[in-house]
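All residue numbers for the sequence shown refer to numbering that gives the first Met the number 0, where the first residue is 0 and numbers rise by one.
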Amino acid sequence: MSYDIAADIQRLKKEKNAVILAHYYEDGDIQDIADYVGDSFYLAKMGQQVQQDTILLAGVVFMAESVKILNPTKTVLVPDMEASCSLVKGAPYDQYLAWRRQHPDGIAVTYINSSAEVKSISDVIITSSNAQQIVESIPKDRKILFGPDQHLGRWLMKKLNREFVLWPGACEVHVLFNARKLHELIGQHPDAVVIAHPECDESVLQYASVAGSTSRLLEEVQKNPAKKFIVATETGIFHQMQKLRPDVTLIQAPVLDAGCSCNNCPYMKMNNMEKIKHALETFQPQVGLNEALRLKAKVSLDRMMDITSGKPVSWPAEFTV
Ligand code: 13P
Ligand code: SF4
């Protein structure tokens, strides 16, 4: 009889009173053993609400940190502590702080794809599913510093007809989608609907009839009666798309080097079933945060939660750190 690691993980979850949250970019087997699968905002919200003592976050470390910041009494596990993100790596605390200090009158709107340290010097956190609502809640006369993803920032500036000061970060996966090759592919599949994550360059986004968070892209595949989609985001999400719409053809948006598997996020793909089992057995690796840092980072995450649940918020007049 072959070894059933999924059954082992299910047993461990019960024994250890643990819950698994997984991002759409994880491999299909991980998504299938998770209790909740979603985009980064959904995972942060679920992480705040779940009752179990232990939360294993199968995603990248900034997602698990956000859960720990919002729900500190829980034990928060990750399969691999090295599962970072190019946006986190491209926004070191010292440089972000120096940038903020150059614009003390600005409101720092920071993508959830950032370290806890960068969150601690930000005014509000956004994800691609709530960015529009959050920026719209900021008075029009206030300057906005937006980072670390310049492409998401540019997409929002266009959508909201508003100028931001942009941090020059990028997602190493989404920037590889190539506009010229996409144009050619659309010519070969004129019946396909193009959908893209806003971390893509604007040269790619111009071809998308829908740009949005992973959950928005999934919703489009679920609801749009079309039979073919060209998808410009990480391949893990194909698992849920195909589950919801087994009748459609999904085509990966092209990158320049046709032979590479660079549409896979190397950080998300560090996780696997063995590492999840090991984390549940040993309660390692665990996300730990210094309490002073956690409390500072929580201010910007709380603003995101308040705005998205319709509560009024106030904005600091100036940055004083
Ligand atoms: P979502 O919030 O849309 O799930 O995006 C997270 C992410 O890391 C995209 O690369
Ligand atoms: Fe970060 Fe890009 Fe991976 Fe998302 S896909 S976690 S933005 S490197």
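Glycine included, each C-beta is placed from N, C-alpha and C at the ideal position.
Excluding its 5 nearest sequence neighbours in each direction, G235 has C-beta neighbours in its own chain below 7 Å: Y23, Y24, E25, D26 and M267, listed in chain order.
Of all C-beta pairs linking the region 111-122 to the region 289-298, three or more are shorter than 8 Å, placing the two stretches in contact. Cβ neighbours of I106 within its own chain (closer than 8 Å, five residues either side excluded): D122, V123, I137, R141, K142, I143, L144, W314 and P315.
The three-state secondary structure of L20, taken from DSSP, is strand.
Scanning its chain for C-beta atoms nearer than 6 Å, with the 5 sequence neighbours on each side dropped, one finds around L42 the residues L20 and M62, in chain order.
Just measuring C-alpha positions, the residue of V36, A33, P253 and L69 sitting nearest Q48 is L69. Around the CB of Q239, 16 or more other CB atoms lie within 10 Å, so the residue is classed as buried. Distance from the CA of A97 to the CA of N129, rounded to the nearest whole angstrom, comes to 27 Å. Set against 7 Å, the gap from the CB of T213 to the closest heavy atom of ligand 1 is smaller.
DSSP, read as helix, strand or coil, puts I124 in strand. Between E201 and H150 a beta carbon distance of about 7 Å is seen, short of the 8 Å cut, so the two are scored as contacting. Residue state for V209 is assigned as strand, using DSSP reduced to three classes. Distance check between H196 and each of A207, H188 and Q187 places A207 closest, using alpha-carbon atoms only. In its chain, beyond the 5 residues on either side, P78 and D79 have a beta carbon closer than 8 Å to the beta carbon of K274.
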